[in-house]
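In this note's numbering, the protein residues as written are 46 to 235.
Here you go:
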């Protein structure tokens with residue numbers, strides 16, 4: 046009888062451990078949601094490989110399938126609490142949303158090779174370097190730099206005096222454009 050009880054106890058322990066393991070997030074992965082261009086939404090876990098190769102590794106919530114997705118296959122992505130937008134194969138961290146989306150480049154997909162059957166296709170990616178700031182509006186990506194920020198302020202923010210005045214105080218620090226862009230976005234939604 047003791048052997049039966051021991052066997053039953055061990056079986057219960059192993060089944061509990063198996064159930065518990067299925068509910069754990071895989072090591073190195075973060076809860077995420079992927080939106081593909083065809084409208085498909087996938088929920089599961091992502092291992093961030095964005096800066097290294099403009100791609101991610103994805104495991105479905107059921108844990109049955111692991112797949113690598115290139116930035117060119119993804120429209121939008123949420124990893125944990127961070128939202129990303131993909132444009133021309135590159136990942137952009139979304140900092141502020143509205144009429145003007147303020148984003149920061151997180152990958153470099155230029156000259157990345159993909160295949161259409163046996164035909165090699167080279168991706169041009171987007172301009173700029175990892176860490177550069179951009180505005181994404183009407184499916185157009187505009188890089189913000191010390192050379193272009195003046196034109197951006199005088200044209201894109203021109204209808205909101207408060208945003209223009211705030212933007213003039215950034216002293217070349219593109220990250221500080223977040224607040225003027227948020228002021229502009231709030232102004233345009235009133």
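We put the beta carbon where it would ideally sit given N, CA and C, even for glycine.
Would you verify that the beta carbon of residue 173 is, or is not, closer than 8 Å to some beta carbon of chain D? As a matter of chain content, chain D is missing from the structure shown, which is built from one protein chain.
Relative to the C-alpha of residue 126, which candidate in 72, 183, 79 has its C-alpha closest? 79
Quick check: what's the CA-CA separation for residue 234 versus residue 113? 38 Å
Taking 8 Å as the cut-off, decide whether the C-beta atoms of residue 118 and residue 81 are in contact. yes
Nearest neighbour of residue 227, chosen from 202, 218, 214, 132 [CA to CA]: 202
Delimiting residues of the beta strand (DSSP E) encompassing residue 123: 119-124
So the candidates are 148, 222, 231; which of them puts its Cα closest to the Cα of residue 182? 148
Could you tell me which of 218, 180, 217 sits nearest to residue 200, measuring between CA atoms? 180
Using only alpha-carbon positions, find the residue among 198, 98, 99, 106 that is nearest to residue 75. 106
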